[in-house]
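Here's the structure, in structure tokens; my notes come after.
Numbering (this note's numbering), first residue to last: 207 to 469.
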């Protein structure tokens, strides 16, 4: 069984985030990048299946600019067998459906039995690429997986729902599953893995390489844009009440009455 892991390179959370001059995104000159945290768990789940002898190959795929290849190298150093990098200027700031179309064009002939990806990306939180890939491939899909179990021709998925509830579903393979953090404990790349990653293949594909039609290429271009990005407006500040507790309580009740009329 071949497994595919969809990954994304995102800004590290300790980067200095400043809005760019156009007001449409962060100033990328100050950002450092790494592997999306949710995708680490998806990769680990695929590697565990391989360790257990239930997967023969683990392939990592990303859609992104030149710098995204470093995220693929991280996956290869951790244990993935090879990488696929879909890179094209037309995909800059592409919407999730366009990204999914490019992914499907890249893997439709690969015969992957299980496609795993993180529940969402740390930078945009769309949570859409995985389900879109499933729909375009006409495969069953389960999201927010907290546990996976491969069975004969199927995968049992324990999904996280609201209010601490769980749902168990069986998907006929081939299938797509998005993974929640906490499903496992991701491993770190060893020195041996880092050295081995240098010899592993990363196949780079453009939209032209994917042999997409003119209509498909047009659909893979960005179809929405960020109009404006801004920091939250500052409030008027806070009034600090001092004195004995009973006096503070009376003053607080008085202000609630004056400002809200609730009591």
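Every residue gets a Cβ at the ideal spot worked out from N, C-alpha and C, and that includes glycine.
Pop quiz: residue i and residue j are said to be a contact at Cβ under 8 Å. What is the actual Cβ separation, rounded to whole angstroms?
i           : j           : result
residue 372 : residue 362 : With a Cβ gap of about 12 Å, residue 372 and residue 362 do not count as contacting.
residue 274 : residue 249 : With 8 Å as the limit, residue 274 and residue 249 do not qualify as a contact, their Cβ atoms being about 15 Å apart.
residue 325 : residue 349 : 6 Å
residue 289 : residue 278 : 4 Å
residue 215 : residue 239 : 5 Å
residue 237 : residue 308 : Actually they do not touch by this definition, with Cβ atoms about 23 Å apart.
residue 354 : residue 312 : The Cβ separation is near 24 Å, so there is no contact.
residue 321 : residue 382 : 4 Å
residue 255 : residue 356 : 7 Å
Quick check on residue i: buried or exposed, where buried means 16 or more other Cβ atoms within 10 Å of its Cβ?
i           : result
residue 242 : buried
residue 332 : exposed
residue 506 : This structure cannot settle anything about residue 506, because the visible part of the chain is limited to 207 through 469.
residue 418 : buried
residue 338 : buried
residue 380 : buried
residue 466 : exposed
residue 384 : buried
residue 280 : buried
residue 219 : exposed
residue 389 : buried
residue 316 : exposed
residue 351 : buried
residue 340 : buried
residue 251 : buried
To the nearest angstrom, how far is it from the Cα of residue i to the Cα of residue j?
i           : j           : result
residue 310 : residue 319 : 14 Å
residue 283 : residue 459 : 60 Å
residue 335 : residue 457 : 52 Å
residue 271 : residue 295 : 8 Å
residue 476 : residue 261 : The structure shown does not extend to residue 476, since the chain is modelled only from 207 to 469, so the question has no answer here.
residue 397 : residue 406 : 15 Å
residue 300 : residue 448 : 53 Å
residue 221 : residue 328 : 13 Å
residue 394 : residue 400 : 10 Å
residue 409 : residue 212 : 14 Å
residue 259 : residue 306 : 29 Å
residue 265 : residue 207 : 11 Å
residue 439 : residue 461 : 23 Å
residue 435 : residue 360 : 43 Å
residue 292 : residue 412 : 6 Å
residue 343 : residue 323 : 15 Å
Provide the residue(s) that pair with residue i in DSSP beta bridges, ordered along the chain.
i           : result
residue 383 : 322 and 348
residue 408 : 289
residue 373 : 365
residue 250 : In DSSP, residue 250 forms no bridge with anything.
residue 431 : None; residue 431 has no bridge partner.
residue 268 : 213 and 291
residue 225 : 232
residue 354 : 363
residue 263 : 208
So the beta strand (DSSP E) residue i belongs to, where does it begin and stop?
i           : result
residue 288 : 288-292
residue 240 : 239-241
For the alpha helix (DSSP H) holding residue i, just list the boundary residues, first then last.
i           : result
residue 362 : Note, residue 362: premise wrong, no alpha helix (DSSP H); beta strand (DSSP E) at 360-366.
residue 295 : That residue, residue 295, is in no alpha helix (DSSP H); it is neither H nor E in DSSP.
residue 284 : 275-284
residue 460 : 451-466
residue 309 : 302-313
residue 336 : 335-343
residue 399 : 397-403
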